[in-house]
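Everything below concerns the one structure shown next.
2 protein chains.
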Amino acid sequence: MKTINLTTQRQAVYDIVRTAEDHPTAADVMNRLVERGHSFAYGTVYNSLRYLTDKDLIRELKLGETASRYDARTDDHQHIVCEVCGRVDEVMTAIPESWMTQVAEETGYEVAGAHIVVEGVCAECKSKRKK
Amino acid sequence: MKTINLTTQRQAVYDIVRTAEDHPTAADVMNRLVERGHSFAYGTVYNSLRYLTDKDLIRELKLGETASRYDARTDDHQHIVCEVCGRVDEVMTAIPESWMTQVAEETGYEVAGAHIVVEGVCAECKSKRKK
DNA sequence: ATTTCAATTTAGAATAAGTATAAATCTATT
DNA sequence: AATAGATTTATACTTATTCTAAATTGAAAT
Ligand SMILES: [Mn+2]
Ligand SMILES: [Mn+2]
Ligand SMILES: [Zn+2]
Ligand SMILES: [Zn+2]
Chain A
9 MKTINLTTQR QAVYDIVRTA EDHPTAADVM NRLVERGHSF AYGTVYNSLR
59 YLTDKDLIRE LKLGETASRY DARTDDHQHI VCEVCGRVDE VMTAIPESWM
109 TQVAEETGYE VAGAHIVVEG VCAECKSKRK K
Chain B
9 MKTINLTTQR QAVYDIVRTA EDHPTAADVM NRLVERGHSF AYGTVYNSLR
59 YLTDKDLIRE LKLGETASRY DARTDDHQHI VCEVCGRVDE VMTAIPESWM
109 TQVAEETGYE VAGAHIVVEG VCAECKSKRK K
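Chain order of the listed sequences is A and B. Residues in the first sequence are numbered from 9 upward in steps of one, following the numbering used here. Residues in the second sequence are numbered from 9 upward in steps of one, following the numbering used here.
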């Protein structure tokens, strides 16, 4: 049931996402593939990203920008975006369970999870701004 | 400095968003304008939504769907989306201050705010499912 | 080894949401 | 009435992504 078929192109896409320090968009992945000497159809890159997402090897992130980003960390975590430079960092601190419970009570929903995008100014931009 | 110029079309768009029970997309707003006998250019609806957003009369929501939604409630609140029927409801339970502080510590960011989209199954879909 | 068939890749067309542009229309002020 | 700035309109364009149909690949069966 969980057969994973990593073709050359899927493997290459996966490698890009896995070794990325940031959270690359599909376009970022495309560029990095070219840098590494590949040239795949862009439909293939999108197909691969979706395949890898479906197989839970990567996660698709919608951070409120126009393009999705991709993340090889599939453990539960959230993100923080710098309003100044756009960099995206991990947020590992979990939102308190009590908050989720309260939201369930308030709304009558059965709560499954939450996507959180924190906004702020990163350390680097903070120090740059102090002059 | 805070002059607000509500033209006929801006007023009409604002009325749609203000009286909406849901959180309409630009396309929803378009359709409802037509229902009320208006016929504005596509661009005008987008311009109006942006104008109203800039003047803080409404808020633009990016809930991870392809299209933005609009909200006449401008006070601080979050949203919950039903995974089954797609309905969007308000979450008024505030995010714990302690969590924000902890995120700031963890990431080194100066935290300005957070956008949360909770996911789950609404009361209606929950009861429908029990048969 | 050759055939076969499903899965995959490819190039390019199509779609969806939103933005940009330039001409036409409004509106407030002289 | 004349002018000028703001706004609206129709339409072209952009960006991100999906769809399509033909070509290619590769494993399994002969
Ligand atoms: Mn991440
Ligand atoms: Mn709301
Ligand atoms: Zn920054
Ligand atoms: Zn529902």
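Backbone N, C-alpha and C define an ideal beta-carbon position, used for all residues, glycine too.
**Study point:** Euclidean distance between Cα positions of L41(A) and V21(A)
**Key:** The alpha-carbon atoms of L41(A) and V21(A) are separated by roughly 7 Å.
Review point. CB E68(B) to CB R81(B), shorter than 9 Å?
Key: Going by C-beta atoms, E68(B) is not nearer than 9 Å to R81(B).
Point to revise | Alpha carbon of T33(A) to alpha carbon of V111(B), nearest angstrom | key: So the alpha carbons of these two residues sit roughly 24 Å apart.
Check your understanding: Roughly how far, in whole angstroms, is the beta-carbon of T52(B) from the beta-carbon of Q17(B), given that I think they are within contact range, below 8 Å?
Key -> With a Cβ gap of about 5 Å, T52(B) and Q17(B) count as contacting.
Point to revise | Candidates T74(B), P104(B), A131(B): closest to Q86(B) by CA position | key: Nearest of T74(B), P104(B), A131(B) to Q86(B), Cα basis: P104(B).
Check your understanding: What does A122(A) pair with, by DSSP beta-bridge criteria?
Key -> Per the DSSP secondary-structure output, A122(A) pairs in a beta bridge with V126(B).
**Study point:** Secondary structure of R137(A), DSSP reduced to three states
**Key:** If DSSP states are grouped into helix, strand and coil, R137(A) belongs with the helices.
Check your understanding: For C93(B), which residues from the same chain have a beta carbon less than 8 Å from its beta carbon, with the 5 sequence-adjacent residues on both sides left out?
Key -> Excluding positions up to five away in sequence, the list reads C130, E132, C133.
Practice item. Give the straight-line distance between the Cα atoms of E91(B) and T109(A), rounded to the nearest whole angstrom. Key: E91(B) and T109(A) have their C-alpha atoms roughly 18 Å apart.
Review point. Leaving out the 5 sequence neighbours to the left and right, which residues in its chain are closer than 7 Å to H46(A) when beta-carbon positions are compared?
Key: The beta carbon of H46(A) is closer than 7 Å to those of A20 in its chain, skipping five residues each way along the sequence.
Check your understanding: So which residues of chain B does E61(A) contact, with C-beta pairs closer than 8 Å?
Key -> What sits at residue 61(A) in the sequence shown is Thr, not Glu. Within chain B, no residue comes near T61(A); the closest Cβ sits about 14 Å away, beyond 8 Å.
Exercise for review: Can you grab the Cα-Cα spacing for the pair E8(A) / A122(A), in whole Å?
Suggested key: A question about residue 8(A) goes unanswered here, because the residues of chain A that appear run from 9 up to 139.
Exercise for review: Return yes when the C-beta of V119(A) is under 8 Å from any heavy atom of ligand 4, and no when it is not.
Suggested key: At a cut-off of 8 Å, the beta-carbon of V119(A) does not count as near ligand 4: no heavy atom of the ligand is closer than that.
Check your understanding: Relative to ligand 5, is the shortest distance from any of its heavy atoms to the C-beta of V129(B) smaller than 8 Å?
Key -> With respect to ligand 5, the structure offers nothing, as its ligand set consists of ligand 1, ligand 2, ligand 3 and ligand 4.
Exercise for review: Could you check what DSSP says for L67(A) in three-state terms: helix, strand or coil?
Suggested key: One detail in the question is off: residue 67(A) reads as Arg in this sequence, not Leu. The three-state secondary structure of R67(A), taken from DSSP, is strand.
Practice item. Compute every distance between the C-beta of H85(A) and the non-hydrogen atoms of ligand 1, then say whether any falls below 8 Å. Key: Correct: H85(A) has its Cβ closer than 8 Å to ligand 1.
Exercise for review: Answer yes or no: the CB of H123(A) versus the heavy atoms of ligand 1, is any distance below 8 Å?
Suggested key: For ligand 1, not one heavy atom lies less than 8 Å from the Cβ of H123(A).
Practice item. Mind reading off the beta-carbon distance from E118(B) to G128(A)? Whole number of angstroms is fine, and I expect it under 8 Å. Key: At roughly 5 Å, the Cβ-Cβ gap stays under 8 Å, so E118(B) and G128(A) are in contact.
Check your understanding: Cα separation between V126(B) and V89(B)?
Key -> If I take the Cα positions, the gap works out to 6 Å.
Review point. So G72(A) and K70(B) are in contact, right, with Cβ under 8 Å, and what is the actual spacing, rounded?
Key: 4 Å between Cβ atoms; contact.
**Study point:** Per-residue burial, D79(B) [other beta carbons within 10 Å of its own, 16 or more giving buried]
**Key:** By the neighbour-count definition (other C-beta atoms within 10 Å, threshold 16), D79(B) is a buried residue.
Practice item. May I ask whether a heavy atom of ligand 2 can be found less than 8 Å away from the beta carbon of L65(B)? Key: At a cut-off of 8 Å, the beta-carbon of L65(B) does not count as near ligand 2: no heavy atom of the ligand is closer than that.
Point to revise | Which of helix, strand or coil DSSP assigns to I103(B) | key: In the three-state DSSP reduction, I103(B) falls in the coil class, being neither helix nor strand.
Review point. So which residues on chain B does D97(A) lean against when the C-beta distance must stay under 8 Å?
Key: The answer, in chain order, is T115, Y117.
Check your understanding: The beta strand (DSSP E) with I88(B) in it runs from where to where?
Key -> Run containing I88(B): 86-90, per the beta strand (DSSP E) assignment.
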